[in-house]
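Protein chains in written order, with our numbering: chain A, 1 to 502; chain B, 503 to 915.
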């Protein structure tokens with residue numbers, strides 16, 4: 001499907017809806033609405049630009065823009081923070097970018113029913129600055145906490161570092177207002193009023209509009225969970241002589257049943273090697289520190305104090321060595337900023353080069369972690385040796401079950417990519433590397449992605465395989481809601497929804 | 503052709519040279535691309551337009567290298583910056599990789615460089631052009647619209663204070679304070695005298711040139727710097743006291759870049775000096791100042807130079823002042839909107855930034871906001887006067903002079 005070019009009269013119609021100040025067609029506006037922090041094919045940047053950018057201020061304006069696009073068959077791509085790692089906000093076929101950053105208001109704080117209603121353009125850190133005075137917070141806490149926006153969290157169905165205690169985005173968004181691909185404005189939740197967490201009426205539509213990467217609509221308002229600001233925080237870092245010991249200890253901690261346990265992170269041997277090599281914030285440790293496990297608990301003092309004692313006992317019983325208060329408190333406090341380690345790359349000769357960061361985010365069951373870890377490193381090692389523009393920055397495994405930290409993990413391998421050296425061949429090599437990594441996740445009954453989405457090259461080809469019959473359901477839903485394929489076309493192989501019946 | 507426009511080099515050649523110089527700096531941001539800067543940027547907080555985000559300022563350069571964008575396409579984006587430096591501090595590259603790689607995100611320098619490239623290639627912003635032309639003509643910035651700012655009046659603020667000219671230590675008075683908020687230099691001069699610091703004024707003070715450099719007129723700015731340096735040399739000066747953070751940036755960053763090792767003068771900001779004088783008992787503050795005040799961290803002191811402790815030490819030394827502090831890291835995302843030429847070229851955005859800053863102060867229940875930056879004081883005063891419970895804006899030196907019982911006079915509205 002090719003896009004329909006935006007003509008001057010259409011720009012005029014957009015200006016009628018949004019005013020001149022809400023519509024942009026100048027080149028730098030277009031270029032800057034396409035880039036994402038994930039490895040980006042800079043050599044093809046000019047093929048990925050939209051035709052117009054709009055900055056709406058209300059759901060009604062979004063609705064009018066979408067109706068216009070649907071009428072003229074023009075692609076519409078929603079963009080919030082533009083910090084996603086799966087290209088959801090990147091236009092593949094030009095069209096109109098609906099940039100929701102101006103819709104960043106706090107509409108209602110309901111302290112009695114513990115909800116806050118916001119626009120999709122608000123950032124979680126900014127929201128929490130406002131909520132602080134009320135003794136509550138919104139605990140959606142991704143690595144991109146200082147920059148991600150609520151709309152993008154919905155579009156990607158995000159994951160939170162402290163989700164084992166508080167839940168992830170899908171658990172924390174109670175209901176939303178959505179502009180459908182045909183322009184209607186609807187409220188979706190579990191059913192009933194927008195502040196209800198549980199209902200059995202009708203289909204559970206909220207989940208349908210979580211993580212669709214902008215292919216089914218645009219969130220224009222969200223009602224979010226408020227939780228008490230934790231009275232107590234306990235963080236502890238432990239070291240281990242090898243991966244298997246760290247992995248067993250992680251299993252014991254996460255199966256402990258301690259409800260205040262908010263997250264456990266396993267750093268593999270390569271990750272510790274990498275931090276030792278190139279992270280100047282790394283606090284030097286003896287050589288026998290080969291693997292690290294970080295854990296954090298939040299809650300009331302009455303919960304956290306005894307739970308912390310229990311956690312420390314479990315750690316001791318599973319051969320963990322406590323790394324001390326400085327590392328435990330300092331490093332946990334800086335976890336968010338540590339998310340970005342650009343410029344830390346080295347080529348195979350050890351020379352420092354500016355590298356972009358790829359963060360793989362498969363969902364993997366506990367039992368498969370050691371094998372997946374080995375196989376992923378082996379794949380990346382092959383590509384490093386062959387192309388010289390990649391670097392292996394090690395792996396993390398994070399607890400991933402909402403309120404249930406046992407069972408499954410977000411498994412991340414961080415790969416450095418020297419973007420300045422990208423061309424068609426090396427980009428193809430990267431995509432192929434990426435695909436091999438995702439295939440391993442599927443081989444062990446995992447999922448390609450726990451939080452970013454699987455819309456990029458190298459992932460998306462495998463989605464029908466992962467979803468099975470569910471992918472046919474996806475196509476039927478897409479076609480029913482978006483009859484003209486205007487909403488983020490080209491993503492998730494959903495063009496197939498419009499293939500003639502065989 | 504304006505002086506800063508380069509004869510003989512085409513725009514393409516200039517852009518090529520520019521991209522070569524800045525590409526690695528730009529890639530440092532582009533490769534990261536996390537945009538932590540967005541929510542602390544004072545302009546982005548208002549416009550929410552991704553083109554105005556610090557990360558776009560770097561991405562544009564990568565796009566220029568790829569041939570996608572030209573300086574004509576991006577010049578307007580770079581107008582939207584107060585050069586406050588918040589983005590650089592919040593950048594993970596600065597926070598977590600800077601020391602190891604001797605690399606720091608340099609967004610302010612990038613903005614200045616692109617503005618300079620724009621001027622060199624003939625792309626000028628009308629209000630900046632006017633401002634710079636008037637500054638060039640009058641040797642001070644046209645801070646009073648409609649009222650002539652002229653060289654014969656540059657020392658009028660000191661009338662009746664009997665201040666000498668020349669000497670080892672020079673008090674440099676910025677244009678806004680010299681012609682508009684004269685209570686700042688007057689209180690400063692009396693404080694220095696009371697503490698026994700000997701100093702003189704310049705023989706022929708010109709604007710520091712910093713704002714012209716910030717607007718992209720580098721050659722003109724340098725000519726002003728050369729004049730001032732020559733004036734200091736002929737007076738035998740070895741130390742310059744600045745009362746304005748913008749001058750402090752010009753003298754500690756721009757001038758050393760122009761003159762290299764030859765520039766060996768000691769540059770002191772007044773807050774550092776006064777804090778020291780109080781600490782050493784050379785200045786005694788005994789008169790009560792019955793105000794409930796917060797301190798506004800001037801961006802160029804706090805974010806650009808790491809000076810946040812000495813102003814707070816001074817606030818705490820003022821008798822009976824109720825000081826409601828907001829820590830300096832929280833204030834990374836605060837700004838008065840007065841810097842980087844934004845209020846000259848985009849006054850409506852600058853005003854909204856000022857309004858928000860005063861709204862933040864209003865939440866603290868204070869009656870006074872204290873600043874140490876004369877440029878911030880006019881817009882903040884204007885917005886403070888519009889509040890339901892008016893907040894008065896005072897300069898830190900005015901408060902110190904009040905506490906020292908000095909009658910400085912001058913204009914402070």
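No residue lacks a Cβ here, since even glycine has one placed at the ideal position from N, Cα and C.
Residues near residue i by beta carbon distance below 8 Å, same chain, minus five either side
i              : result
residue 857(B) : 885 and 888
residue 523(B) : 615
residue 204(A) : 190 and 191
residue 554(B) : 543, 545, 546, 579, 582 and 583
residue 804(B) : 810, 830, 833 and 834
residue 2(A)   : Here residue 2(A) scores only 40 on pLDDT, less than 50, and its place in the model is too uncertain to base an answer on.
Start-to-end residues for the alpha helix (DSSP H) that takes in residue i
i              : result
residue 383(A) : 369-387
residue 898(B) : 898-905
residue 942(B) : This structure cannot speak to residue 942(B), because chain B is shown only from 503 to 915.
residue 113(A) : No alpha helix (DSSP H) contains residue 113(A), which DSSP labels as neither H nor E.
residue 312(A) : 301-317
residue 18(A)  : 8-18
residue 851(B) : 849-864
Candidates the options, of which the one nearest residue i by Cα
i              : options                           : result
residue 228(A) : 284(A), 131(A) and 179(A)         : 131(A)
residue 75(A)  : 83(A), 89(A) and 82(A)            : 89(A)
residue 878(B) : 700(B), 890(B) and 896(B)         : 896(B)
residue 635(B) : 585(B), 718(B) and 682(B)         : 718(B)
residue 876(B) : 679(B), 563(B), 724(B) and 609(B) : 679(B)
residue 358(A) : 352(A), 344(A) and 369(A)         : 344(A)
residue 399(A) : 265(A), 392(A) and 9(A)           : 265(A)
residue 639(B) : 653(B), 647(B), 649(B) and 829(B) : 653(B)
residue 428(A) : 226(A), 389(A) and 34(A)          : 389(A)
residue 251(A) : 452(A), 81(A) and 404(A)          : 404(A)
residue 471(A) : 493(A), 452(A), 109(A) and 456(A) : 493(A)
residue 726(B) : 761(B), 698(B) and 702(B)         : 761(B)
residue 716(B) : 843(B), 790(B) and 516(B)         : 843(B)
residue 606(B) : 612(B), 538(B) and 590(B)         : 590(B)
residue 267(A) : 62(A), 397(A), 125(A) and 73(A)   : 397(A)
residue 311(A) : 279(A), 323(A), 296(A) and 301(A) : 296(A)
Unbroken beta strand (DSSP E) run spanning residue i, endpoints
i              : result
residue 173(A) : 173-179
residue 261(A) : 261-267
residue 365(A) : 362-365
residue 394(A) : 390-399
residue 98(A)  : 96-99
residue 801(B) : That residue, residue 801(B), is in no beta strand (DSSP E); its alpha helix (DSSP H) goes 801-807.
residue 233(A) : 232-240
residue 871(B) : 870-873
residue 543(B) : Element bounds for residue 543(B): n/a, residue is neither H nor E.
residue 358(A) : 356-359
Same chain, Cβ closer than 7 Å to residue i, neighbours up to 5 away in sequence not counted
i              : result
residue 751(B) : 712, 802 and 806
residue 552(B) : 558
residue 686(B) : 679, 745, 876, 897, 899 and 900
residue 740(B) : 670, 767 and 768
residue 496(A) : 475
residue 121(A) : 80, 100, 101, 102, 103, 104, 149 and 151
residue 417(A) : 39, 355, 356, 358, 389, 390 and 430
residue 27(A)  : none
residue 800(B) : 747, 873, 874, 875 and 878
Spatial neighbours of residue i in its chain, beta-carbon cut-off 6 Å, leaving aside the 5 residues before and after
i              : result
residue 476(B) : Shown here, chain B extends from 503 to 915; a query on residue 476(B) therefore has no answer.
residue 503(B) : Because residue 503(B) carries a pLDDT of 47, less than 50, the predicted location of this residue cannot be relied on, and no value is offered for it.
residue 528(B) : 560, 563 and 564
Presumed contact (8 Å Cβ cut-off) between residue i and residue j, rounded CB distance
i              : j              : result
residue 84(A)  : residue 163(A) : Actually they are not in contact, since the Cβ atoms of residue 84(A) and residue 163(A) sit about 17 Å apart, beyond 8 Å.
residue 462(A) : residue 439(A) : 7 Å
residue 260(A) : residue 304(A) : 5 Å
residue 548(B) : residue 809(B) : Not really, about 26 Å apart at Cβ, beyond 8 Å.
residue 393(A) : residue 437(A) : The Cβ separation is near 14 Å, so there is no contact.
residue 138(A) : residue 224(A) : 5 Å
Entirely enclosed alpha helix (DSSP H) segments - the segment 116-200 of chain A, minimum 4 residues: The segment 116-200 of chain A contains these whole alpha helix (DSSP H) runs: 124-131, 150-156, 163-166 and 169-172.
Mind pulling the alpha helix (DSSP H) runs of 4 or more residues that sit fully within the segment 404-487 of chain A? Listed in chain order, the complete alpha helix (DSSP H) runs (minimum 4 residues) inside the segment 404-487 of chain A are 424-443, 463-467 and 469-481.
Uninterrupted alpha helix (DSSP H) stretches inside the segment 595-681 of chain B (no shorter than 4 residues): Within the segment 595-681 of chain B, the complete alpha helix (DSSP H) runs of at least 4 residues are 600-603, 609-622, 628-640 and 677-681.
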